[in-house]
Amino acid sequence: MRLYLGGYAQGKLQYVLEQYKTGPLRVVEELPRGEGDGEIIVVNRFHDWFRARMEQGGCPERELDEFLSRYPECLIISDEIGNGIVPLEAGEREYRERLGRALVDLAARAEGVERILCGIAQKIK
Amino acid sequence: MLILVIGGSGSGKSAYAEDLTIRLSGKMPRYYLATMQARDEESRKRIIRHRKLREGKGFVTVEQPRRIWEALNGMASGSRQGGTDDGRTGGEQEKLPRCALLECMSNLAANEMFSGEKIGEDEAADQIFQGIVTLSRGLAHLVVVSNNVFEDGMRYDPSTMAYLRLLGRLNRELAEAADRVVEVVAGIPLALKGPERTEEIKWGS
Numbered sequence: 084m085r086l087y088l089g090g091y092a093q094g095k096l097q098y099v100l101e102q103y104k105t106g107p108l109r110v111v112e113e114l115p116r117g118e119g120d121g122e123i124i125v126v127n128r129f130h131d132w133f134r135a136r137m138e139q140g141g142c143p144e145r146e147l148d149e150f151l152s153r154y155p156e157c158l159i160i161s162d163e164i165g166n167g168i169v170p171l172e173a174g175e176r177e178y179r180e181r182l183g184r185a186l187v188d189l190a191a192r193a194e195g196v197e198r199i200l201c202g203i204a205q206k207i208k
Numbered sequence: 087m088l089i090l091v092i093g094g095s096g097s098g099k100s101a102y103a104e105d106l107t108i109r110l111s112g113k114m115p116r117y118y119l120a121t122m123q124a125r126d127e128e129s130r131k132r133i134i135r136h137r138k139l140r141e142g143k144g145f146v147t148v149e150q151p152r153r154i155w156e157a158l159n160g161m162a163s164g165s166r167q168g169g170t171d172d173g174r175t176g177g178e179q180e181k182l183p184r185c186a187l188l189e190c191m192s193n194l195a196a197n198e199m200f201s202g203e204k205i206g207e208d209e210a211a212d213q214i215f216q217g218i219v220t221l222s223r224g225l226a227h228l229v230v231v232s233n234n235v236f237e238d239g240m241r242y243d244p245s246t247m248a249y250l251r252l253l254g255r256l257n258r259e260l261a262e263a264a265d266r267v268v269e270v271v272a273g274i275p276l277a278l279k280g281p282e283r284t285e286e287i288k289w290g291s
């Protein structure tokens with residue numbers, strides 16, 4: 084698994100697609116259930132999926148674990164959302180906390196982590 | 087040379103960009119392209135404060151909140167030949183190559199998108215990007231300052247999200263076109279594109 088981080092509108096998906104021109108990629112915006120066909124899953128807007136599962140009362144952390152055991156070769160793209168004023172609203176705070184911790188965990192397990200700013204990637208792991 | 091400098095608020099990106107422009111310009115005239123619109127007392131005060139900060143650095147200020155390429159007319163017309171903001175004489179330097187510091191993309195993008203006639207994201211992006219390309223062709227060096235305002239995870243109203251997409255796109259296009267891209271963190275320049283260590287760059291024209 085590889086992790087791609089960066090702010091909103093920084094060209095993360097475009098960068099990932101350029102890196103994997105040859106491979107069979109499947110870009111998804113929610114974690115697929117079941118087994119794959121050997122294609123590389125690209126989870127785009129991971130943060131939005133995570134937030135939606137929180138709002139639906141799911142447990143995105145556990146679902147992510149299950150997903151990773153089925154798709155160890157996936158690519159995950161997430162917005163950085165923690166570099167702003169901590170919001171007053173409790174749900175917004177919980178979202179930032181839980182997503183932040185999930186990203187720390189993903190980064191620790193990832194084979195590589197890249198941070199994208201202005202379309203330019205920096206390898207940070 | 088076109089250089090993009092990006093950082094968060096209070097990161098020290100402006101001070102870095104000013105020093106960079108001074109080093110790059112050497113004996114060439116240097117222009118400060120100011121994009122803030124003096125709409126109220128607060129912005130007028132801020133403009134005065136920024137002018138004070140630049141005093142003694144030899145910049146000629148050109149107020150250009152929109153249609154950035156027109157700043158070239160301000161430089162060529164000779165109307166500002168009288169000297170710099172801090173009294174340095176311009177004189178013969180008018181004929182030499184010139185450098186400019188554009189501060190900043192986030193103001194320029196907001197001015198183009200929200201003031202005057204309403205234009206869409208794509209139109210605004212093309213107009214601003216082409217304007218900067220035109221501008222940079224008329225200069226030996228152009229340093230552009232932009233803001234990293236994309237990492238707070240907020241879901242703003244649709245027009246603010248459209249503005250964020252516009253600024254993100256402009257940053258990407260400028261980064262692609264630029265010879266160097268520098269991120270400033272706590273006053274420390276990190277090279278995203280160009281020479282690895284910014285302090286080792288040879289600044290000869």
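Taken in sequence, the protein lines are chains B and A. Going from the first sequence to the working numbering is simple: count from 1 and add 83. Going from the second sequence to the working numbering is simple: count from 1 and add 86. The beta carbon of each residue, even a glycine, is placed where N, CA and C say it ideally should be. Keep in mind the model is a prediction, meaning the values are calculated, not measured.
Within the 8 Å Cβ cut-off, does residue i reach chain B?
i, result
"VAL267 of chain A", "yes"
"GLY96 of chain A", "no"
"LYS279 of chain A", "yes"
"ALA210 of chain A", "no"
"GLN167 of chain A", "Reliability fails at GLN167 of chain A, whose pLDDT of 44 lies under 50, so the model's placement of it is uncertain and no value is given."
"LEU182 of chain A", "Confidence is the limiting factor: at LEU182 of chain A the pLDDT is only 44, short of 50, which leaves the residue's position unreliable, though a coordinate-based value still follows. Not closer than 8 Å to any Cβ of chain B, the Cβ of LEU182 of chain A fails to qualify, so no."
"GLU237 of chain A", "yes"
"ARG109 of chain A", "no"
"ARG251 of chain A", "yes"
Determine which residues share a DSSP beta bridge with residue i and list them.
i, result
"GLN205 of chain B", "B:ARG198"
"LYS138 of chain A", "LYS138 of chain A is not bridged to any residue."
"GLU149 of chain A", "A:ALA120"
"ALA186 of chain A", "A:TYR117 and A:LEU228"
"ARG109 of chain B", "B:ILE124"
"ILE159 of chain B", "B:LEU86 and B:VAL126"
Can you check whether the C-beta of residue i is within less than 8 Å of a C-beta belonging to chain A?
i, result
"GLY165 of chain B", "yes"
"CYS142 of chain B", "no"
"ARG179 of chain B", "yes"
"ALA92 of chain B", "yes"
"ASP188 of chain B", "no"
"GLN205 of chain B", "yes"
Would you identify the three-state DSSP class for residue i, choosing helix, strand or coil?
i, result
"GLU175 of chain B", "helix"
"TYR249 of chain A", "helix"
"LYS279 of chain A", "strand"
"ASP188 of chain B", "helix"
"ARG174 of chain A", "Confidence at ARG174 of chain A is low in this model, with a pLDDT of 47, below 50, so the placement of that residue should be treated as unreliable; the coordinate-derived value is given next. Three-state DSSP puts ARG174 of chain A in coil, outside helix and strand."
"ILE168 of chain B", "coil"
"PRO235 of chain A", "Residue identity check: residue 235 of chain A is Val in the sequence provided, not Pro. Correct three-state label for VAL235 of chain A: coil."
"ARG109 of chain A", "helix"
"GLU203 of chain A", "coil"
"ARG266 of chain A", "strand"
Could you tell me which chain B residues have their CB closer than 9 Å to the CB of residue i, listed as they occur along the chain?
i, result
"ILE92 of chain A", "LEU200 and CYS201"
Closer than 7 Å by beta-carbon distance: list the chain B residues that pair up with residue i, in chain order.
i, result
"MET240 of chain A", "GLY167"
"ALA261 of chain A", "CYS201, GLY202 and ILE203"
"GLY254 of chain A", "TYR91, ALA92 and GLN93"
"ASN257 of chain A", "CYS201"
Under 9 Å Cβ-Cβ, which residues of chain A neighbour residue i?
i, result
"ASP162 of chain B", "PHE236, GLU237 and GLY239"
Mind listing the chain B neighbours of residue i? Cutoff is C-beta to C-beta under 8 Å, in chain order.
i, result
"LEU225 of chain A", "Going along chain B, no residue has its Cβ under 8 Å from LEU225 of chain A, so there is no contact; the nearest lies around 21 Å."
So does the segment 185–195 of chain A actually touch the segment 106–122 of chain A, counting three or more Cβ pairs closer than 8 Å? yes
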